[in-house]
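Q:
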Amino acid sequence: MGRRLDIVYPGWSGRYMDVIDSHTSEILYKYEKKGIFKQSIIITRPSEKGSSSEHTIAKVSISSKIAIDIEGGNAAMKKPSNFSSNYEFVTDALSGTWTKPGWLSSRMELVSTTGVLASLERAWSFFQEGTLEILGNPSQRQLDMIVVTALVMMEKQDSDRKDASQDSWAAHAAPDAAAASVPTF
Numbered sequence: 001m002g003r004r005l006d007i008v009y010p011g012w013s014g015r016y017m018d019v020i021d022s023h024t025s026e027i028l029y030k031y032e033k034k035g036i037f038k039q040s041i042i043i044t045r046p047s048e049k050g051s052s053s054e055h056t057i058a059k060v061s062i063s064s065k066i067a068i069d070i071e072g073g074n075a076a077m078k079k080p081s082n083f084s085s086n087y088e089f090v091t092d093a094l095s096g097t098w099t100k101p102g103w104l105s106s107r108m109e110l111v112s113t114t115g116v117l118a119s120l121e122r123a124w125s126f127f128q129e130g131t132l133e134i135l136g137n138p139s140q141r142q143l144d145m146i147v148v149t150a151l152v153m154m155e156k157q158d159s160d161r162k163d164a165s166q167d168s169w170a171a172h173a174a175p176d177a178a179a180a181s182v183p184t185f
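Per the UniProt record's numbering, residue 1 is the first one in the sequence shown, and the count goes up by one each step.
1. Is the region 97 to 110 in contact with the region 70 to 86, if contact means three or more CB pairs nearer than 8 Å?
2. Between the Cα of Gly-2 and those of Val-116, Arg-15, Ser-40, spot the shortest distance and give me the residue it belongs to.
3. Going by DSSP, what residues sit across from Glu-109 in a beta bridge?
4. In three-state DSSP terms, what is Thr-131?
5. Helix, strand or coil for Asp-144? Go by DSSP, reduced to three states.
6. Counting along the chain, where does the beta strand (DSSP E) carrying Tyr-31 start and finish?
7. Count the other CB atoms, across all protein chains shown, that sit within 10 Å of the CB of Gln-142; report buried if there are 16 or more and exposed otherwise.
8. By DSSP, does Thr-91 sit in helix, in strand, or in coil?
9. Confirm, please, whether the CB-CB distance from Thr-44 to Lys-30 is below 7 Å.
10. On the three-pair Cβ rule with 8 Å, is the region 80 to 90 touching the region 129 to 141?
11. Taking buried to mean at least 16 other C-beta atoms within 10 Å of its own C-beta, is Thr-91 buried or exposed?
12. Just the Cα atoms here: how many angstroms apart are residue 189 and Ile-27?
13. Identify the continuous beta strand (DSSP E) that holds Glu-54 and give its terminal residues.
14. Among the residues of its own chain, which have a CB less than 8 Å from the CB of Ser-119, if the five just before and after it don't count?
15. Roughly how many angstroms lie between the CA atoms of Ala-150 and Asp-21, to the nearest whole one?
16. Drop a sphere of 10 angstroms on the beta-carbon of Leu-94, count the other beta-carbons inside from all chains shown, and report buried for 16 or more, exposed for fewer.
17. If distances are taken between C-alpha atoms only, which option among Glu-71, Asp-6, Glu-121 comes closest to His-55?
18. Return the bridge partner residues of Ala-150 from the DSSP annotation.
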């Protein structure tokens, strides 16, 4: 049994998400997506109890590469090959690979040399985006890296899904060149 974190939308915008402890309902992390052409993500953690300020723990840049600037160092998430859906990362605090245990599964697992560290299950709800199950007892730096990379994986899945639907729409909307050259009588 692990620690369950719910990933929810605090409002109507998909630009913001909160990571909440499912037992205490405490907000542990906040996610904000910025930019239109070059996407970046800011992930913060509430500071002390009673304080309204937030502490930035990571800045993520997503383009053809995923660069993570996190407290204590930098990391890059990358696919081991062009045909893989897995993403690997290496930091001083934690190294692992996000992988799908099944071909059609929406579930992902973070696997390291010691075994499965976390699982991420997408939710199909209007307000809840997913559930992150943390296995074991990671340090705060490791927990930060698990949460940050899980949020990046969710964003990457969403952008890949949007790209695929746009490609599909473009293929259906474009007239077939061969059919266009056939005269009609």
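Backbone N, C-alpha and C define an ideal beta-carbon position, used for all residues, glycine too. Bear in mind the structure is a predicted one, so any value in this text is a computation, not a measurement.
A: Taking the geometry as given:
1. yes
2. Here residue 2 corresponds to residue number 2 of the sequence shown, with the count starting at 1. Answer by Cα proximity: Val-116.
3. Here residue 109 is taken as the residue at index 109 of the sequence shown, counted from 1. Thr-99, Ser-119.
4. If you number the sequence shown from 1, residue 131 lands on position 131. In this structure, Thr-131 counts as strand in the three-state DSSP scheme.
5. Here residue 144 refers to the residue found at position 144 when the sequence shown is read from its first residue. Helix, per DSSP.
6. The residue you call residue 31 lines up with position 31 of the sequence shown. Per DSSP, the unbroken beta strand (DSSP E) holding Tyr-31 starts and ends at 27 to 34.
7. Within the sequence shown, the letter at position 142 stands for residue 142. Per the 10 Å Cβ criterion, buried.
8. Locating residue 91 in the sequence shown gives position 91, counting from the first residue. Looking at Thr-91 - three-state DSSP - the assignment turns out to be coil, as it is neither helix nor strand.
9. Counting from one through the sequence shown, the residue named residue 30 turns up at place 30. Counting from one through the sequence shown, the residue named residue 44 turns up at place 44. The answer is yes: Cβ separation under 7 Å.
10. no
11. Taking the sequence shown and counting its residues from 1, the one referred to as residue 91 is at position 91. The residue in question, Thr-91, is buried, as its Cβ has 16 or more Cβ neighbours within 10 Å.
12. In the structure displayed, the chain extends from 1 to 185; residue 189 sits before or after that span and is not available.
13. Here residue 54 refers to the residue found at position 54 of the sequence shown. 54 to 62 is the extent of the beta strand (DSSP E) around Glu-54.
14. As a first step, residue 119 is located in the sequence shown; it is residue number 119 there, counting from the start. Excluding residues up to 5 positions away in sequence, Arg-107, Met-108, Glu-109, Leu-110, Leu-132, Glu-133, Leu-135 lie with their Cβ nearer than 8 Å to the Cβ of Ser-119 in the same chain.
15. As a position in the sequence shown, residue 150 is number 150, starting the count at 1. As a position in the sequence shown, residue 21 is number 21, starting the count at 1. Asp-21 has its alpha-carbon roughly 15 Å from the corresponding atom of Ala-150.
16. On the sequence shown, position 94 is the one that residue 94 refers to. Looking at its Cβ environment, which holds 16 or more other Cβ atoms inside 10 Å, Leu-94 is buried.
17. For this step, residue 55 is matched to residue 55 along the sequence shown. Here the closest residue by C-alpha is Glu-71.
18. What you label residue 150 is simply residue 150 of the sequence shown in a count that begins at 1. Note: Ala-150 sits in no beta bridge, so no partner.
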